[in-house]
Amino acid sequence: MTKKLTKQMLIDMGVKVEQNGDEWIVSRYSPKCGKSKDNVWKTCKRRSIIRKHKYAPDKVYVGYSWSYKNKVFACTESRLVYAYFIGDIPDDYDVDHIDNDPYNNKLSNLRLLTREENLKKRFMDNPDNPKNQWQYIKGEKDGR
Numbered sequence: 095m096t097k098k099l100t101k102q103m104l105i106d107m108g109v110k111v112e113q114n115g116d117e118w119i120v121s122r123y124s125p126k127c128g129k130s131k132d133n134v135w136k137t138c139k140r141r142s143i144i145r146k147h148k149y150a151p152d153k154v155y156v157g158y159s160w161s162y163k164n165k166v167f168a169c170t171e172s173r174l175v176y177a178y179f180i181g182d183i184p185d186d187y188d189v190d191h192i193d194n195d196p197y198n199n200k201l202s203n204l205r206l207l208t209r210e211e212n213l214k215k216r217f218m219d220n221p222d223n224p225k226n227q228w229q230y231i232k233g234e235k236d237g238r
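Residue numbers (the numbering used here): 95 to 238.
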């Protein structure tokens with residue numbers, strides 16, 4: 095299940111998203127961080143997030159992690175960018191890459207789909223995936 099994400103939630107956690115050319119920079123506000131006696135913005139670490147998919151090939155996404163109130167949060171870059179610049183992401187909605195490139199997080203390439211719509215899209219984009227064929231055959235065998 096994908097969880098709700100809004101710009102206000104990110105702001106409340108001290109997360110800021112900025113564009114630098116074709117890249118996104120995600121920063122976190124750190125009050126009196128380290129040796130500095132001043133409040134500073136620290137760049138969040140950019141990471142690769144591997145999403146295992148049951149009905150489609152596994153994908154690698156760009157993501158970030160940060161801590162807030164003794165909890166660690168991790169989020170894909172596409173979700174951060176969408177929530178910060180386009181609009182709120184409700185529960186059970188996915189941010190879809192229109193061109194199917196998980197590294198292309200341009201605003202014009204992102205859209206919201208329900209979880210169900212996104213799963214259907216994955217199947218339609220990968221009809222020859224053996225995992226999809228196995229599910230189809232399994233369903234027929236069980237009489238479904």
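We put the beta carbon where it would ideally sit given N, CA and C, even for glycine.
Give the straight-line distance between the Cα atoms of residue i and residue j, rounded to the nearest whole angstrom.
| i | j | result |
| --- | --- | --- |
| Glu117 | Glu171 | 10 Å |
| Lys200 | Lys163 | 31 Å |
| Gly233 | Glu211 | Legend: pLDDT at Gly233 = 44, less than 50; position of this residue unreliable, value from coordinates given subsequently. Roughly 20 Å separates the two Cα atoms. |
| Asp186 | Gly115 | 31 Å |
| Asp136 | Asp106 | For the sequence presented, residue 136 should be read as Lys rather than Asp. One C-alpha to the other measures close to 16 Å. |
| Gly181 | Lys101 | 7 Å |
| Val166 | Gly108 | 13 Å |
| Phe179 | Pro196 | 18 Å |
| Asn198 | Leu174 | 13 Å |
| Arg205 | Ala168 | 20 Å |
| Gln113 | Val134 | 19 Å |
| Ala177 | Ile183 | 6 Å |
| Leu207 | Lys139 | 27 Å |
| Trp160 | Lys214 | 32 Å |
How would you write the range of the beta strand (DSSP E) that residue i sits in, first residue to last?
| i | result |
| --- | --- |
| Ile105 | Taken as a continuous stretch (DSSP letters only), Ile105 belongs to no beta strand (DSSP E), being part of the alpha helix (DSSP H) at Lys101 to Asp106. |
| Leu207 | Leu204 to Thr208 |
| Tyr197 | Here Tyr197 belongs to no beta strand (DSSP E), and DSSP marks it neither H nor E. |
| Ile119 | Glu117 to Ser124 |
I need the DSSP call for residue i, collapsed to helix, strand or coil.
| i | result |
| --- | --- |
| Lys98 | coil |
| Val134 | strand |
Notebook entry, point to check: Counting Cβ pairs, one atom from each stretch, are 3 or more of them under 8 Å apart for the region 183-194 and the region 109-123?
Noted result: no
Please give the ranges of any alpha helix (DSSP H) in the region 155-188, keeping only runs that are unbroken, at least 4 residues long and fully inside the region.
171-175
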